[in-house]
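Chemist: Sharing a structure below in structure tokens format, with a few things to ask.
Chains as they are written, first to last, in our numbering: chain A, 21 to 131; chain B, 512 to 627.
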């Protein structure tokens, strides 16, 4: 059974600070996606990383896929209150179509 | 921007009743999915659908569940006899092309199913 461990589960920091969220597995994924989910809404895709070692930037968000395609990180620079939300990672298996989800990181940025 | 539309947004049903959750995926997408999220828990895969048939399903997707794409635009999830533990947010998603390495998913806003 493939599992994705996401950490931390909860993070509350001051505006302007940097933070990193981690997503780890013992399994290899063909791709890994990061989503943001607001209460009562569906997950919204932020980025897909496919190649081992790949780094993608989305404004102040930097996403990295591990060399072995088993782990990923999301780094936010100079966090802002608008970054508050639930961040989810989800991995796509090598030979199947379903996504395996992490439990999410609830992020609160205090002004 | 194209979006996945789900109806209803909230459904309350009595235990043992049948419910149909409806989804309109993005029109040129080929892969369709149902996921569910029990309150406070992880998102869980239910089923994937491609070329008018189920391509994969999870252990959750037992004989009480079925999916259909009746008219080329709608994608439905039917729960034949609902149980209390079926209460969850149900998300429909669609994806454009390719296999596991393909495009990212677009999710609908979900249907909150409450079984009483």
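Each residue gets a CB set at the ideal place from its N, CA and C atoms; glycine is no exception.
So what's residue 567 of chain B in DSSP terms, helix, strand or just coil?
Modeler: The residue labelled residue 567 of chain B in the question sits at position 56 within the second chain. Of the three classes helix, strand and coil, the one that applies to residue 567 of chain B here is strand, per DSSP.
Chemist: Report the option in A:32, A:70, A:34 whose CA atom is closest to the CA atom of residue 110 of chain A.
Modeler: By 1-based counting over the first chain, the position of residue 110 of chain A is 90. With distances taken between Cα atoms, residue 110 of chain A lies closest to A:70.
Chemist: Under a Cβ-count criterion, where at least 16 other Cβ atoms within 10 Å of its own Cβ denotes burial, should residue 604 of chain B be classed as buried or exposed?
Modeler: Taking the second chain and counting its residues from 1, the one referred to as residue 604 of chain B is at position 93. Counting Cβ neighbours within 10 Å, residue 604 of chain B comes out buried, since at least 16 surround it.
Chemist: Have a look at the DSSP bridge pairing and note the partners of residue 600 of chain B.
Modeler: The count along the second chain starts at 1 and reaches residue 600 of chain B at position 89. The partner list for residue 600 of chain B (beta bridge, DSSP) reads B:548, B:623.
Chemist: Restricting to Cα atoms, I'd like to know which of B:589, B:580, B:534 is closest to residue 527 of chain B.
Modeler: Along the second chain, read from residue 1 onward, the residue named residue 527 of chain B stands at position 16. Minimum Cα distance to residue 527 of chain B is reached at B:589.
Chemist: Could one say the Cβ of residue 99 of chain A lies closer than 8 Å to chain B's Cβ atoms, at least one of them?
Modeler: Indexing the first chain from 1 puts residue 99 of chain A at position 79. No, residue 99 of chain A does not count as interfacial toward chain B.
Chemist: For residue 38 of chain A, is the beta carbon positioned less than 7 Å from some heavy atom of the ligand NAD?
Modeler: The model on display carries no ligand, and the ligand NAD is accordingly not part of it.
Chemist: Since I believe residue 31 of chain A is in contact with residue 39 of chain A (beta carbons under 8 Å), could you give me their beta-carbon distance rounded to a whole number of angstroms?
Modeler: Counted from its first residue, the first chain places residue 39 of chain A at position 19. Counted from its first residue, the first chain places residue 31 of chain A at position 11. Yes, they are in contact, since the Cβ atoms of residue 39 of chain A and residue 31 of chain A sit about 6 Å apart, within 8 Å.
Chemist: Could you tell me whether the Cβ of residue 61 of chain A comes closer than 8 Å to any Cβ of chain B?
Modeler: What you label residue 61 of chain A is simply residue 41 of the first chain in a count that begins at 1. For residue 61 of chain A, the answer is yes, since a Cβ of chain B falls inside 8 Å of its Cβ.
Chemist: Could you check whether the segment 96-110 of chain A touches the segment 539-546 of chain B, counting it as contact only if at least three pairs of C-beta atoms, one from each stretch, sit closer than 8 Å?
Modeler: These segments do not touch.
Chemist: Cβ of residue 569 of chain B within 8 Å of Cβ of residue 557 of chain B?
Modeler: In the second chain, residue 569 of chain B corresponds to position 58, counting from 1. In the second chain, residue 557 of chain B corresponds to position 46, counting from 1. Yes. Within cutoff.
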